[in-house]
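Report on the structure given below.
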Amino acid sequence: MQRRYIVKKHENIHGSINGRGRKTTWWIYLSWISKIQVNQPAVLRRAEQIQARRTVKKEWQAAWLLKAVTFIDLTALSGDDTSSNIQRLCYKAKYPIREDLLKSLNMHDKGLTTAAVCVYPARVCDAVKALKASGCTIPVASVATGFPSGQTHLKTRLEEIRLAVEDGATEIDVVINRTLVLTGQWEALYDEIRQFRKACGEAHLKTILATGELGSLTNVYKASMIAMMAGSDFIKTSTGKETVNATFPVAIVMLRAIRDFFWKTGNKVGFKPAGGIRSAKDSLAWLSLVKEELGDEWLTPELFRIGASTLLSDIERQIYHHVTGRYAAYHDLPMS
Amino acid sequence: MAATRERPSAREIFITLEYGPVPESHACALAWLDTQDRNLGHYVNGKWLKPEHRNSVPCQDPITGESLATCLQAQAEDVAVAVEAAGTAFENWSGLPGASRAQHLLRLAKMIQKHQRLLWTLESLVSGRAVREVRDGDVPLAQQLLQYHAVQAYTQEEELAGWEPVGVIGLILSPMFSFLEMMYRICPALAVGCTVVVLVPPASPTPLLLAQLAGELGSFPGILNVISGPASLGPVLASHPRVQKVTFCGSVEEGRALRRTLAGKGAELGLALGADSLLVLTEAADVDSAVEGVVDAAWSDRSAGGLRLLIQESVWEETMRRLQERMARLRGGRGLDGAVDMGTRGAAARALAQHYVHEARSQGAQVFQAGDSPFFPPTLVSDLPPASPCTQAEVPWPVVVASPFRTAKEALAMANGTPRGASASVWSERLGQALELGYGLQVGTVWINAHGLRNAEVPTGGCKESGSSWHGGPDGLYEYLRPSGTPARLSYFSENLNYDTFGLAVPSTLPAGPEIGPSPATPYGLFIGGRFQAPGARSSRPIKDSQGNLHGYVAEGGAKDIRGAVEAAHQAVSGWVGQSPGARATLLWALATALERRESALASRLERHGMELKDAKVEVELSTRQLRAWGARAQAQGHVLQVAELKGPVLRLREPLGVLAIVCPDEWPLLAFVSLLAAALAHGNTVVMVPSGACPIPALEVCQDMAALLPAGLVNVVTGDRDHLTRCLALHQDVQALWYFGSAQGSQFVEWASAGNLKPVWVNRGCPQAWDQEAKGAGAELGLRAARTKALWLPMGD
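Listed in order, the protein sequences are those of chains D and F. The numbering of the first sequence is UniProt numbering, which starts it at 1 and goes up by one. The numbering of the second sequence is UniProt numbering, which starts it at 1 and goes up by one.
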């Protein structure tokens with residue numbers, strides 16, 4: 001097997017154990033990506049099927065929707081974010097579903113929250129402060145590395161990560177350099193992500209592949225593999241700012257890469273679709289997609305996240321309907 | 001507490017994240033059965049037919065075994081009533097302008113749309129198949145079929161000029177085929193003006209419902225009649241004198257039996273046999289997607305049969321691991337559940353699968369079963385020894401039999417090394433390799449990097465023992481058409497024909513007196529492998545001229561000579577198939593020129609057999625014209641289809657049949673010989689021909705030119721006792737098709753004997769044809785029969 005060590009002066013050739021006791025990888029097997037071929041029409045067909053073949057109703061639907069809430073990275077990534085709406089976001093993250101609705105489902109004592117809140121680097125302080133004030137331990141995720149385009153100098157991109165971590169972000173969503181993918185510089189890509197990994201320190205690294213801009217599904221697979229080999233804790237579909245966001249075909253390819261990586265190394269890497277997931281029905285399809293392609297072990301916030309902002313209100317509306325049998329008016333549910 | 005265990009709370013599901021039941025209500029299906037008092041009869045001539053004193057069988061829910069209704073079993077007189085109704089309706093229906101038939105088909109499509117929920121719940125309830133597959137696959141396709149064929153009916157007068165509907169069609173469905181297979185056949189039949197009697201197995205209410213929907217359109221009630229009855233009623237329907245064409249979907253053995261029963265009964269027989277498929281997975285494949293292809297083929301309730309899976313050795317381990325992983329996630333359950341991959345079939349299908357798996361185990365196979373199914377689980381069989389009976393047997397639902405191969409060439413040899421030829425998929429990301437396999441596989445349908453795609457516009461059929469009938473697309477229409485002016489197909493069955501002895505012995509020939517008249521030295525011998533050879537029997541037969549004088553001797557060919565000729569023809573196949581149509585045309589044109597040079601000799605030969613010199617010259621001229629015409633037509637074959645729901649083309653290829661045996665008619669000794677030869681060669685076949693019995697010498701004259709012009713073995717001509725030679729050819733398992741123009745008894749024998757390898761046959765039923773008329777003898781029908789269609793699906797995308 002073709003195995004090439006990329007050894008940087010700041011790296012230990014014998015490896016290291018990261019903060020969560022997970023062994024990180026620090027080599028690159030180019031043979032893992034050299035032969036791979038993804039057949040796009042076949043993946044498209046599978047994507048269509050998976051939505052038609054699995055569905056949940058009644059209690060199952062309610063339970064799955066509540067589960068979906070625990071996977072959400074509740075996200076605010078707008079130019080007009082200020083401390084007030086970040087505060088509201090954090091409150092919603094802590095109390096995602098109306099208390100009385102949870103009570104009637106006998107779920108009020110589960111401490112149901114979203115998985116994290118996700119903001120721009122400049123808003124990390126606001127989020128950390130708001131969450132601390134409400135006394136909860138929901139992690140704060142920050143996007144970084146020239147989000148969303150990644151078209152800034154490597155030096156500032158790395159600095160961005162360090163500053164966000166300093167401000168208290170424990171999860172960093174980095175965007176990869178699409179130029180390197182489109183020109184086939186896989187080793188350079190690996191190298192960059194390694195540096196992101198290093199800059200994150202103890203923080204979780206979520207690598208955004210921006211799949212809408214990678215050109216082909218084969219590139220999506222290769223970029224996923226490189227990102228995992230470089231030590232990402234999660235691979236994430238998109239920034240939400242590309243024209244094409246989280247789609248099922250892309251997700252299938254990424255999930256298959258995650259499974260292949262697990263089979264080859266024994267390491268479980270997480271998956272985060274983001275962008276365009278707005279309806280409760282969508283979120284159910286995403287859950288069953290992960291369940292089908294990877295299995296139940298991946299259905300935990302440690303390994304599965306959904307990046308979304310408006311999804312939560314739709315889930316709450318559906319729960320309202322399940323509990324009361326009525327469709328909610330806008331004013332029946334708290335705004336987020 | 002018991003109640004909560006049955007229905008877990010949201011709190012519990014939150015932890016387990018299991019799937020729950022997603023029941024689809026089948027109340028409307030039950031309500032429909034109630035309208036018949038849960039007692040289904042037959043639907044004939046726009047009315048329910050419930051004759052008294054008939055046996056009935058229960059129609060059961062395949063899961064619970066609960067009886068849903070009882071179904072009356074038809075008897076011979078009910079069949080007669082249905083055929084009578086169809087026959088009466090045919091008078092009106094076939095006389096309508098195509099545009100009116102198109103309107104009617106569209107109304108039926110609308111009718112199905114209005115009652116689609118009833119249709120899919122009823123079908124899923126009774127068949128046990130996953131409702132998703134019926135709802136999202138079968139029902140929309142049924143509507144699409146009606147719409148496509150409405151367009152065909154609309155343009156029939158222009159596009160299909162020179163063809164007329166054959167008449168009443170008898171369609172026989174066996175239990176494993178769904179209502180969709182019925183739609184695939186009734187749509188083209190109705191579109192071109194035929195009327196149909198469908199015999200469905202007992203307890204299949206969906207075809208009855210469809211017949212009711214068609215009947216309730218009001219006008220033309222008798223065009224679609226559905227009767228349900230036991231398989232033993234099949235031959236009764238098939239041999240009814242008013243039935244002009246029989247289409248049968250079922251198992252290979254049933255098809256064989258029906259072929260034998262129908263020999264000489266007049267009706268044409270179209271067979272679609274078996275249901276298993278093939279998947280070739282190369283090392284250049286997207287393995288995960290190919291695994292989904294396996295699921296589509298065998299474990300998703302789309303197909304009625306199992307799958308043979310050929311996996312390249314270098315990716316064997318990886319593929320097996322992925323397959324088993326995928327199998328563990330398949331969900332089985334009630335067909336009417338919205339979240340299952342597979343429902344279940346009735347007890348018969350389960351027993352068949354059980355038997356196969358048991359046999360495979362005892363023959364040394366590894367069997368892997370997984371998946372969450374309360375019924376027969378998805379099954380993966382591997383390590384089956386290549387020589388074991390299970391390797392050759394048809395693979396039943398829901399079994400996949402995996403075997404390794406080393407190279408693409410070996411995969412082709414293995415795939416083509418079985419008697420089945422319905423459908424296959426090829427998984428490879430290398431375009432060249434995929435096309436090589438796609439063209440090389442001897443099957444009716446090939447999907448590249450996909451499996452089980454269907455469309456109304458794409459012809460679907462098969463070859464070898466899968467039967468050579470077509471449904472869908474343009475080819476499906478011709479199944480129900482015949483050249484205008486062809487006489488009705490009447491029974492020419494002879495009780496006295498003994499199949500065991502027909503043509504078995506060759507009468508011995510003795511010297512027949514002096515040769516009289518100008519005797520130019522004719523080439524003597526059998527034309528085999530490009531040269532004249534002495535016959536194995538070392539005896540000759542005298543040929544007399546019209547005055548009864550001895551014209552000369554020709555060689556007396558026998559079984560060994562036929563064997564040699566077929567071998568020679570097989571050796572020539574690959575070279576000839578590889579020639580471009582242009583190159584084939586060039587050779588045919590060269591032969592035409594040679595024939596022109598030989599004109600006077602040929603004409604005088606014909607003259608000695610009682611023709612006017614003028615007519616003889618016309619025959620020679622027509623013959624050269626046929627050679628040139630078929631040469632020209634060779635260049636325009638196949639075309640590209642663009643179908644909805646598929647990005648990428650579907651190629652409709654016209655492929656040669658292989659070795660084609662032709663027993664030429666006595667009439668038009670030169671023209672018929674040349675016309676048949678030209679059509680066969682133009683389409684890429686190699687031939688073994690038996691020339692006219694009375695006047696074989698012109699054909700042998702032509703052989704002299706062929707010896708010089710054509711590659712050896714391409715054309716082989718064997719003279720001798722026609723019955724004997726016909727017997728040898730008809731019973732030869734490695735002859736891919738047989739055309740017979742001779743006696744009624746010979747035709748009957750050929751039809752009977754073709755059951756052996758189910759080769760397509762074309763017989764003249766003892767009726768001479770007018771070979772000098774384009775429409776009768778040498779027209780489009782010849783081109784249609786000289787090649788088989790293959791649909792090659794090429795999905796695209798990056």
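Virtual Cβ for every residue (Gly too), placed ideally from N, Cα, C.
Given this structure, state the Cα-to-Cα distance separating residue i from residue j, to the nearest angstrom.
i, j, result
"D/Ala133", "D/Gln87", "10 Å"
"F/Thr509", "F/Arg605", "23 Å"
"F/Glu479", "D/Ser149", "60 Å"
"residue 831 of chain F", "F/His42", "The first residue shown for chain F is 1 and the last is 798, placing residue 831 of chain F beyond what the model contains."
"F/Asp561", "F/Tyr356", "41 Å"
"D/Asp167", "D/Gly266", "33 Å"
"F/Leu146", "F/Leu490", "31 Å"
"D/Ser309", "D/Asp296", "25 Å"
"F/Leu758", "D/Glu292", "44 Å"
"F/Ala348", "F/Trp397", "11 Å"
"D/Phe234", "D/Val174", "10 Å"
"F/Ser56", "F/Thr70", "6 Å"
"D/Arg326", "D/Gln318", "9 Å"
"F/Ile112", "F/Ala304", "23 Å"
"F/His53", "F/Pro241", "26 Å"
"D/Asn12", "D/Pro121", "For D/Asn12, the predicted model reports a pLDDT of 35, less than 50, meaning its position is unreliable and no value from the coordinates is stated."
"F/Leu550", "F/Arg598", "23 Å"
"F/Ala534", "F/Leu526", "6 Å"
"F/Pro221", "F/Gly46", "4 Å"
"F/Glu318", "F/Gln312", "11 Å"
Cutting at 7 Å between CB atoms, please list the residues of its own chain near residue i, excluding the five before and the five after it.
i, result
"F/Gly438", "Val426, Val446, Ile448 and Leu792"
"F/Ser540", "Thr509, Tyr553, Val554, Ala555 and Glu556"
"F/Gln733", "Gly756 and Asn757"
"F/Arg165", "Inspection of the sequence shows that residue 165 of chain F is occupied by Pro rather than by Arg. Taken in chain order, the residues that qualify are Ser94, Val192, Gly193, Cys194, Tyr480 and Leu481."
"D/Arg46", "Ile252"
Quick check on residue i: does DSSP put it in helix, strand or coil?
i, result
"F/Leu279", "strand"
"F/Gln769", "coil"
"F/Phe749", "helix"
"D/Asn177", "coil"
"D/Tyr91", "helix"
"D/Tyr29", "coil"
"F/Ile13", "helix"
"D/Lys236", "strand"
"D/Gln37", "coil"
"F/Ala786", "coil"
"F/Arg652", "strand"
"F/Val291", "helix"
"F/Gly557", "coil"
What is the residue span of the beta strand (DSSP E) that residue i lies within?
i, result
"D/Leu205", "His204 to Ile208"
"F/Tyr184", "Where F/Tyr184 is concerned, there is no enclosing beta strand (DSSP E), although the alpha helix (DSSP H) it sits in stretches over Phe179 to Val192."
"F/Asp383", "Here F/Asp383 belongs to no beta strand (DSSP E), and DSSP marks it neither H nor E."
"F/His42", "His42 to Val44"
Using the Cβ count rule (16 or more neighbours within 10 Å means buried), how would you classify residue i?
i, result
"F/Ile528", "buried"
"F/Trp668", "buried"
"D/Met335", "exposed"
"F/His358", "exposed"
Which two residues bound the contiguous alpha helix (DSSP H) that contains residue i?
i, result
"F/Ala161", "Here F/Ala161 belongs to no alpha helix (DSSP H), and DSSP marks it neither H nor E."
"F/Tyr524", "First-last for F/Tyr524: undefined, no H or E at that position."
Residues in the same chain with beta-carbon distance under 8 Å from residue i, minus the five sequence neighbours each way, listed in chain order, please.
i, result
"F/Arg727", "Phe502, Gly503, Leu504, Phe749 and Ala753"
"F/Arg628", "Leu588, Trp589 and Ala592"
Please list, in chain order, all residues of the same chain as residue i whose beta carbon is under 6 Å from its beta carbon, the five residues on each side excluded.
i, result
"F/Gly462", "Gly421, Ala422 and Gly444"
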